Amino acid sequence: MQRHLISAADLTRDDAVLILDTAEEMARVADRPIKKLPTLRGRTVVNLFFEDSTRTRISFEAAEKRLSADVINFTAKGSSVSKGESLKDTAQTLEAMGVDAVVIRHGASGAPYRLATSGWIDAHVINAGDGTHQHPTQALLDAFTMRRRLVGPDAGLGKDLDGRRVTLVGDILHSRVARSNVDLLHTLGAEVTLVAPPTLLPVGVETWPCEVSYDLDSTLTKSDAVMLLRVQRERMNAAFFPTEREYSRRYGLDGDRMAKMPDHAIVMHPGPMVRGMEITAEVADSGRCTVVEQVTNGVSVRMAVLYLLLGGAEPAVTHARPTEEK
Amino acid sequence: MSKTLIRGAKVLGGEPQDVLIDGTTIAEVGTGLSAEGAEVVEAGGKVLLPGLVDLHTHLREPGREDSETVLTGTRAAASGGYTNVFAMANTFPVADTAGVVEQVWRLGQESGYCDVQPIGAVTVGLEGAKLAELGAMHESAAGVTVFSDDGKCVHDAVIMRRALEYVKAFDGVVAQHAQEPRLTEGAQMNEGVVSAELGLGGWPAVAEESIIARDVLLAEHVGSRVHICHLSTAGSVEIVRWAKSRGIDVTAEVTPHHLLLTDELVRSYDPVYKVNPPLRTERDVLALREALADGTIDIVATDHAPHPHEDKDCEWAAAAMGMVGLETALSVVQETMVDTGLLDWAGVAERMSFKPAKIGQATGHGRPVSAGEPANLTLVDTEYRGRVDPAGFASRSRNTPYEGRELPGRVTHTWLRGKATLVDGKLT
Ligand SMILES: [Zn+2]
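Taken in order, these protein sequences are the chains called H and E.
Per the working numbering, the first sequence starts with residue 2, numbered consecutively.
Per the working numbering, the second sequence starts with residue 22, numbered consecutively.
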C-alpha cells in the first residue's frame, strides 16, 4: 500500500484484495454489541470537504469514530474559500495542528493529488472524490458489495472478481465513480462494459481497459452487475441528450429491462438516485438493488482503508483468524 | 561613440568572422579586423545571430505589475537574446486606445533593454463585439501594425472579416488567438486520452483548427493577410499548409513549449504545465517541428506569460494559464530544432528574427549581420548545457515548465543598437 489513496489505479490486485478482506473484518465488528475498535486512538483525522456531500462525509466520520480516531470536520463550502490558494493555506493550517490524515473532497480534479505531492502537508491523504477524476473508496465499496453478493462474504475472502461482468450505465464523461470503478474492476479481473450515449463518453475512452456500448439491452443479458450512474438533469440543457424521457427510454433501467438480466445479477447505484430518470422506483426498491448495502459497506471499506493507511502492522481486530495476516 | 570588436564569431553559424560595431551600427564584418580603439569580445566560436524578435510577449504592464513590468520583461528579453518584443494587448486597461499603446511604447523606450512594439487590441476591451480604434493606434507614436485580442479569440466571423479588411488601409495584420469559445467552455487541457483519465475538461484540437480554417478562408475572400498565434496541433499545420499552397497570405507562429512538451506532463496536476492553447500530444509536437522546419510555420514566438507564484501554487482548475518563455526560448529551439538536425542557425535566425520582424514591420530589427545595419546582435554559446534555474531569471515571474531540466545553449551577449544589454550572461 502507498502512503495515500488518491486513485483506484494506484492499487495493486493484492492491495485491493487486502482492503476488501480487511473490510470483511470491519463488517463483523459492526455486528458486535460494541462497535468501536481502539486502533486509531490518539490519531487525528480531518474531513476536509470543499464540496457538499453529506453522505460521503458521514460515512467517513462513522468509520473514523469506530476506529476511535479524533475527528475534525472542515467544510469549506459556502465560506470565503473559493480561490485555489486556500487549499494550500488550509493544508498548512492542518499541518500545523498535527493531523495524521486528511480525507479530502474537492470539486477540482487533481486537488487530492496536489495536496499529497506538493509538500504542503505530511499527513496521509485519502481522496473522497475529486472533480470528475476519482473516488477510490466508492469503487472499493462497490467491489466489496459485488464480491459479497456474487461470491459470498466468507467464500470471497482472498478472492478478486475474476471473470465477473460489470456494466456501468450513464454519465461516464462527468463521473469519477466510473473512472475509479473501471480502474479497480480491471485490476480485480472483472470485465467492464460502459454503456452511455456517445455524448456522455469522454474522447479517449477507447484506451480504457473496458468495452464500450451504446446499447443497454444487448449488454443486460450478459451482466452479473449493472451499475447505474446519476445523470444530472442540467446535462440536457448542454445538449448531451434531448430530453429526460428519451434518456430514460434508451438508458434507464426499468422492470422490463431488469427482467432480462440473469437471475443472480444485481443492480447498483452510488446514490443519490434520480428515480424516474436512470432508474425506476420498481427497480430501486427491488431485492436486487444493493443501494442500501452499499451505504453500510461504505463504512466497513473506509474503516479498512483508514486502518491500513494509518494503523500500521497492528492487527485491526484482536480475535483475528490466524490466516488473515498474510 | 564606442567601438566593440566581436572576434571569431560564427555569424549565423557559418565560418568564424570578426564583427566590428561602431556606435549604433555594424561597421565591418570580415576576418582579421583591427581591434584598435575597440573593446574586444572573444567569441571563441560562439554563434552570432541578429537580435531576436518576439512577436508574442505579455509584459503585463499596465495592470499586473505584480507579475511583470515593461522593465523586468525587457530585461528578461535581453537575457534571452531579444532586442525587440511585441507586447500583447491584454493588459489592464486593455491596449485598445492610442493612449495605452503609447504608454507601453514609452515605457519600452525608457527601459533601454529591448525595444517594445505594442500590439493593439482588435476589439474594445477584447470583448469581441466592437472594433477598437485601430487607425488611431496605428497613427499614434507607437505606430501599431499588429492587432490581436490574444487571450481571447475574435470569434465573431463578421468582426473578424471587418478587422481583416479594415487594417489593409495601413498594411496592418490581425494576429488571431484561434479558440472557438463554445467548444472550449470549461477547458482545462488538451482533449484526448490524458484528459479522459484525469477528468479535466477537454480543449479539443478542432476548436483551434476550425477557427484557423475559417480565418484563412476569410483572408482569402477579402484579400488580407492574417497571422495565426501559437499554432498547436497537427491539424492546424495541415490547414495552414493547404492555405499557403492556395496562395493565401497567412503566417503562423509556434511557441517553444509546444515544440517540446506534451500533455503527458499534466498527469502531475502541476499547474506550471497549464497553458493556452494547451500542451498537446507527441504527434502534434513532431508535426509542429516539421512544419517549422519546412516553413509552413513561419516563426517561433514565446507567448511569454508571467504569473505570480500564488497563481500557480494551487490546484489545477484554479491556476492561471501561461508560462514564461523569453529566457529559455532559444535553448528550447536549439534542443528541438538544431540539435535534432531540423534547422541550422541561419534557419533559426530566419524564424526568430528576420521573419517575425517582417511580419510585424519592425524597423531596424531582423536585419542581416552586415556592414551598415543596426547593431542588434545576440551571441550564443551553443556548446553550453545546463539546468534551468528560475531563481536566476530576470523576469519578475518564475512560472517556467523547464525548472531543473537540462537544456543546451546560453545567450552570453546581447547588443541593442550597439549598446551591450547583456555581457557574459549578466544584464548591464
Ligand atoms: Zn494566445
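Note that CB positions come from ideal geometry on N, CA and C, so glycine has one too.
These numbers come from a predicted model, not from an experiment.
Min CB distance residue i to chain C below 7 Å
i	result
W337 (chain E)	Going by chain labels, chain C is absent from the structure shown, which instead holds the protein chains H and E.
Presumed contact (8 Å Cβ cut-off) between residue i and residue j, rounded CB distance
i	j	result
L229 (chain H)	L254 (chain H)	6 Å
I105 (chain H)	L95 (chain H)	10 Å between Cβ atoms; not a contact.
D117 (chain E)	G149 (chain E)	The Cβ separation is near 12 Å, so there is no contact.
P429 (chain E)	Q355 (chain E)	5 Å
F145 (chain H)	V302 (chain H)	5 Å
A191 (chain H)	L162 (chain H)	4 Å
M304 (chain H)	L68 (chain H)	6 Å
I233 (chain E)	A255 (chain E)	Not really, about 12 Å apart at Cβ, beyond 8 Å.
G220 (chain E)	H134 (chain H)	3 Å
V345 (chain E)	P277 (chain E)	V345 (chain E) to P277 (chain E), Cβ: 11 Å. No contact.
F51 (chain H)	A77 (chain H)	5 Å
A124 (chain H)	D155 (chain H)	Not really, about 35 Å apart at Cβ, beyond 8 Å.
K31 (chain E)	V68 (chain E)	5 Å
L151 (chain H)	A28 (chain H)	The pair is not a contact, with the Cβ atoms about 16 Å apart (cut-off 8 Å).
T25 (chain E)	A64 (chain E)	T25 (chain E) to A64 (chain E), Cβ: 11 Å. No contact.
Under 8 Å by beta carbon: chain E residues contacting residue i
i	result
G132 (chain H)	G220, L221 and A338
R180 (chain H)	E218 and G220
When the options are compared against residue i, the one with the closest alpha-carbon
i	options	result
D270 (chain E)	E:G29, E:T112 and E:A196	E:A196
P448 (chain E)	E:V321, E:C135, E:D171 and E:S88	In the sequence as displayed, the identity of residue 448 (chain E) is Leu instead of Pro. Nearest C-alpha to L448 (chain E): E:C135.
A239 (chain H)	E:Q130, E:G172 and E:R203	E:R203
P292 (chain E)	H:G111, H:G164, H:Q135 and H:G272	H:G111
D216 (chain H)	H:V196, H:V227, H:V206 and H:V302	H:V196
V170 (chain H)	H:T76, H:I122, H:P137 and H:S224	H:S224
R81 (chain E)	E:A264, E:E336, E:T112 and E:V390	E:T112
T272 (chain E)	E:I380, E:R304 and E:D365	E:I380
A415 (chain E)	E:G53, E:T52 and E:G102	E:G102
S119 (chain H)	H:D90, H:G132 and H:G108	H:D90
S181 (chain H)	H:A129, H:R4 and H:V30	H:A129
L189 (chain H)	H:S8, H:L6, H:A17 and H:H5	H:A17
W436 (chain E)	E:G44, E:E36 and E:G94	E:G44
R246 (chain E)	E:I260, E:D324 and E:K189	E:K189
S374 (chain E)	E:L363, E:A163, E:R388 and E:T384	E:R388
R276 (chain H)	H:V300, H:R289, H:R231 and H:E294	H:R231
R426 (chain E)	E:G407, E:R417 and E:A30	E:G407
Y114 (chain H)	E:G164, E:G413, E:A367 and E:W337	E:W337
R262 (chain E)	E:G223, E:A99, E:G72 and E:A308	E:A308
Partners in chain H for residue i, counting only beta-carbon separations shorter than 9 Å
i	result
E303 (chain E)	Ordered by position in chain H, no residue passes the 9 Å Cβ test against E303 (chain E), which lies about 14 Å from the chain.
S216 (chain E)	P203, V204 and G205
Beta-carbon neighbours of residue i, restricted to chain E and to distances below 9 Å
i	result
S110 (chain H)	Q209, L219, G220, L221, G222, Y290, E336, W337 and A338
Proximal chain H residues relative to residue i, where beta-carbon distance stays under 8 Å
i	result
G535 (chain E)	The shown model of chain E, from 22 to 449, leaves out residue 535 (chain E), and the question about it has no answer.
Residues that residue i contacts on chain E, provided the C-beta gap is smaller than 7 Å
i	result
R177 (chain H)	G220
R4 (chain H)	None at all; the shortest Cβ gap to chain E is about 17 Å.
Y114 (chain H)	Y290
Proximal residues of chain H, C-beta to C-beta of residue i below 7 Å
i	result
S245 (chain E)	Per Cβ cutoff of 7 Å: no residues; S245 (chain E) is ~34 Å from chain H at best.
Any non-hydrogen atom of ligand 2 within 6 Å of residue i CB
i	result
C174 (chain E)	Judged by which ligands are present, ligand 2 is missing from the structure shown, whose ligands are ligand 1.
Let me know the beta strand (DSSP E) ranges lying completely inside the region 173 to 260 of chain H, each 3 residues or longer, listed in chain order. 192 to 196, 212 to 214 and 226 to 229
Closer than 8 Å, Cβ to Cβ, to anything on chain E: give me those residues from the region 194 to 215 of chain H, in chain order. Answer in chain order: P203, V204, G205, V206, T208 and W209.
Give me the subset of the region 89 to 109 of chain H whose CB atoms are less than 8 Å from a CB atom of chain E, sorted by chain position. Within the region 89 to 109 of chain H, K89, H107, G108 and A109 place their CB atoms closer than 8 Å to a CB of chain E, listed in sequence order.
Positions along the region 228 to 249 of chain H whose CB lies within less than 7 Å of some CB in chain E: none
In chain order, what are the residue ranges of uninterrupted beta strand (DSSP E) at least 3 long that sit wholly in the region 171 to 199 of chain E? 194 to 197
What alpha helix (DSSP H) runs, 4 residues minimum, are completely inside the region 40 to 126 of chain E? 91 to 100
Please give me, in chain order, every unbroken run of the beta strand (DSSP E) with length at least 3 that falls completely inside the region 269 to 344 of chain E. 271 to 275
For the region 81 to 136 of chain H, which segments carrying the alpha helix (DSSP H) assignment without a break, of at least 4 residues, lie completely within its bounds, in sequence order? 86 to 97 and 112 to 118
Please give the ranges of any beta strand (DSSP E) in the region 351 to 385 of chain E, keeping only runs that are unbroken, at least 3 residues long and fully inside the region. none
Sequence ranges, alpha helix (DSSP H) only - wholly within the region 279 to 304 of chain H, length at least 4: Counting only runs of 4+ residues, the alpha helix (DSSP H) found wholly inside the region 279 to 304 of chain H occupies 282 to 285, in chain order.
Quick one: complete beta strand (DSSP E) runs, 3+ long, within the region 189 to 250 of chain E? Listed in chain order, the beta strand (DSSP E) elements of length 3 or more contained wholly in the region 189 to 250 of chain E are 194 to 197 and 247 to 249.
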